[in-house]
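Q: Below you'll find the structure I mean.
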Amino acid sequence: MYLGLDLGTSGLKGVLIDADQALIAQASAPLTVSRPAPGWSEQNPSEWLAAAELVLSDLAGQTSLDAVRGIGLSGQMHGATLLDASDAVLRPCILWNDTRAHEEAAARDADPVFRAVTGNIVFPGFTAPKLDWVRTHEPAHWDACATVLLPKDYLRLWLSGDRVSEMSDAAGTAWFDTGARDWSDDLLGRCGLSRAQMPSLVEGNAVSGTLRDTLADRFGLPAGVPVAGGGGDNAASAIGVGVVRPGEAFVSLGTSGVLFAADSAYRPAPETAVHSFCHALPGTWHQMGVILAATDALNWLAELLEADPAVLTEDLGPLQPPGAPVFLPYLGGERTPLNDAAIRGSFAGLDHATDRAALTRAVLEGVCFALADCQDALSATGTRIESLTAVGGGSRSDYWLAALATALDQEIALPEGGEAGAAFGAARLGLMAATGAGAEIATAPPIARRIAPDPALRAAFADSHARYRALRDAIGALP
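Following this line, the structure appears as structure tokens:
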């Protein structure tokens, strides 16, 4: 068997697959986010370890783990986990959707060397500006910082005792030479850091270390199980749904929203606010547009209405043309295509007839239009999408998928087990590390169904997207 662990923002998921990649067992444990100040988003790494213990215990209760031969990791990207010389955590991890370092990010992005080397804008959510913020506002933590780890790599440190990262996750730090697939000593030096404070690097399908004997004994795994490099959450999801070749893409409706396209070459286009990162397999890269709130926007509305998010979407019935309300999902700023940490969300076009269903449709449509903006940005780089697969918790909503297919004017394939995409991809990477297999095993999963654009509503969605863009530009121009 092969174990995949995915450290997400809202929870940690674990899956077990057999040698034929059939799902044997799965488990999850919830995580919460702390927001101690406007624009802040943090988690205590000790909560990740507690969640991992719960997931491993749950899996061990479902089936014996003595046949596990490899472990793969996936996780939320960009988080800054600061450790001292004894590997003690210095402060809560500053997460990917934290925008406190927007001024530091703008200052780094103004240095053309960063875009030239990384192939990306220095976004506020990236790791490097967060360390700049720590140096200014928490100098004692800066002085004590011996190692900076990304979230899944802190989980790896607990599992194997190794300070290691891999290319797809490291590419989101703003310290990484994406074309060369290595840390940039120049960029690290400009930030007052050195390679000694970074984890070593392996490819996602390579062995990064082996499971600690104490954990193997505790959860019933054999000794010496290899731990794969793994991947950032989106790269791992791509491995899970077989998006590893040019023309293949997926859209993720998770806490954030992602439109991800695989490529065999490095094609940076930072001026579009598209992310150009390494994939989790050697010699492969990817581009993606990222929006900061997808299911996060629906969950926000559900909390406001004191309703269950699933119930809100289930009550909508068949797809309708967009109504008068327009929603901008910029609850914590936006990445693609705006690169604007200060912009905030908005409802417009409300009237006396606006009810709960109308607000829900507007939120779903707003996320769809934000992803359509990502599609336009990817197209501007020359990236082509020939097949599109949906993953993430939001893909459980038939209404949302129908709206998204129509907004993108693209058929969407819904795979069986798509919600476990990143954890399943991590398990596949664990299999690769243990057996020496490669991209050939990252095949597309069975497709449960396909959702086609509604030709009768295509014009209505295009008109509403134009209204969305007009509102976006007007809101963005406000001081």
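According to the numbering used here, the sequence shown is numbered sequentially starting from 6. Even for Gly, the Cβ is constructed at its ideal location relative to N, Cα and C.
#1: May I ask you to list the residues that DSSP assigns as paired with residue 290?
#2: Using only CA atoms, which one of 235, 156, 327, 454 lies nearest to residue 9?
#3: May I ask you to list the residues that DSSP assigns as paired with residue 190?
#4: Residue 551 lies in the alpha helix (DSSP H); which residues open and close that run?
#5: Tell me whether the segment 248 to 267 and the segment 25 to 34 touch, counting them as touching only if at least three CB pairs, one residue from each stretch, are closer than 8 Å.
#6: Which residues mark the beginning and the end of the beta strand (DSSP E) in which residue 173 is found?
#7: For the alpha helix (DSSP H) that contains residue 238, what are its first and last residues?
#8: Span of the alpha helix (DSSP H) holding residue 67?
#9: State the beta-bridge partners of residue 80 as determined by DSSP.
#10: Tell me, which residues are paired with residue 215 by DSSP?
#11: Can you name the start and end residues of the alpha helix (DSSP H) that residue 480 belongs to?
#12: Taking the C-alpha atoms as reference points, what is the distance between residue 380 and residue 413?
#13: Once DSSP output is grouped into helix, strand and coil, what is the label at residue 332?
#14: Buried or exposed: which applies to residue 110, given that a residue is buried once 16 or more other Cβ atoms fall within 10 Å of its Cβ?
#15: Among residues of its own chain, excluding the 5 on either side of residue 405, which ones have a beta-carbon nearer than 7 Å to its beta-carbon?
#16: For the segment 78 to 87 against the segment 168 to 188, do three or more pairs of beta-carbon atoms, one drawn from each stretch, fall closer than 8 Å, so that the two count as touching?
#17: Pull up the DSSP beta-bridge partners for residue 351, would you.
#18: Relative to the alpha-carbon of residue 479, which residue among 348, 167, 448, 219 has its alpha-carbon at the smallest distance?
#19: At the level of alpha carbons, what is the spacing between residue 21 and residue 223?
#20: Which residues mark the beginning and the end of the alpha helix (DSSP H) in which residue 113 is found?
#21: Is it a yes or a no for the segment 82 to 97 touching the segment 139 to 155, going by three-plus beta-carbon pairs under 8 Å?
#22: Assign residue 50 to buried or exposed, taking buried as 16 or more other Cβ atoms, counted over all protein chains shown, within 10 Å of its Cβ.
#23: Are the segment 460 to 470 and the segment 436 to 444 in contact at 8 Å, needing three or more beta carbon pairs?
#24: Starting from residue 309, trace the beta strand (DSSP E) in both directions and tell me its first and last residue.
#25: Determine the direct distance from the alpha carbon of residue 355 to that of residue 184, and round the result to whole angstroms.
#26: Can you tell me whether residue 120 is helix, strand or coil according to DSSP?
#27: According to the Cβ coordinates, are residue 430 and residue 242 closer than 8 Å?
#28: Between residue 169 and residue 214, how many whole angstroms is the CB-CB distance? I'm expecting something under 8 Å.
#29: With DSSP as the reference, identify every bridge partner of residue 7, one or two as the case may be.
#30: Kindly indicate which residue of 266, 306, 309 has the alpha-carbon position closest to the one of residue 289.
#31: Evaluate residue 365 with the Cβ neighbour count: other Cβ atoms within 10 Å of its Cβ, from every protein chain shown; 16 or more gives buried, anything less gives exposed.
#32: Looking at the ligand PLP, does it come within less than 7 Å of residue 197, judged from the CB to the closest heavy atom?
#33: Does residue 199 come out as helix, strand or coil in the three-state DSSP assignment?
#34: Starting from residue 152, trace the beta strand (DSSP E) both ways and give me its first and last residue.
#35: For residue 415, which residues from the same chain have a beta carbon less than 6 Å from its beta carbon, with the 5 sequence-adjacent residues on both sides left out?
#36: May I ask you to list the residues that DSSP assigns as paired with residue 501?
A: The structure says:
#1: 268, 283
#2: 235
#3: Its beta-bridge partners do not exist; DSSP assigns none.
#4: Because the chain spans 6 through 484 in this model, residue 551 falls outside it and cannot be assessed.
#5: no
#6: Note, residue 173: premise wrong, no beta strand (DSSP E); alpha helix (DSSP H) at 172 to 175.
#7: 238 to 246
#8: 50 to 67
#9: 12, 237
#10: 231
#11: 463 to 481
#12: 7 Å
#13: strand
#14: buried
#15: 258, 318, 369, 399
#16: yes
#17: 333
#18: 348
#19: 18 Å
#20: 107 to 114
#21: yes
#22: buried
#23: no
#24: Note, residue 309: premise wrong, no beta strand (DSSP E); alpha helix (DSSP H) at 300 to 310.
#25: 47 Å
#26: helix
#27: yes
#28: 6 Å
#29: 22, 75
#30: 266
#31: buried
#32: Because no ligand of any kind appears in the structure shown, any question about the ligand PLP cannot be addressed here.
#33: coil
#34: 152 to 154
#35: 393
#36: Since the first residue shown for the chain is 6 and the last is 484, residue 501 is missing from the structure and cannot be characterised.
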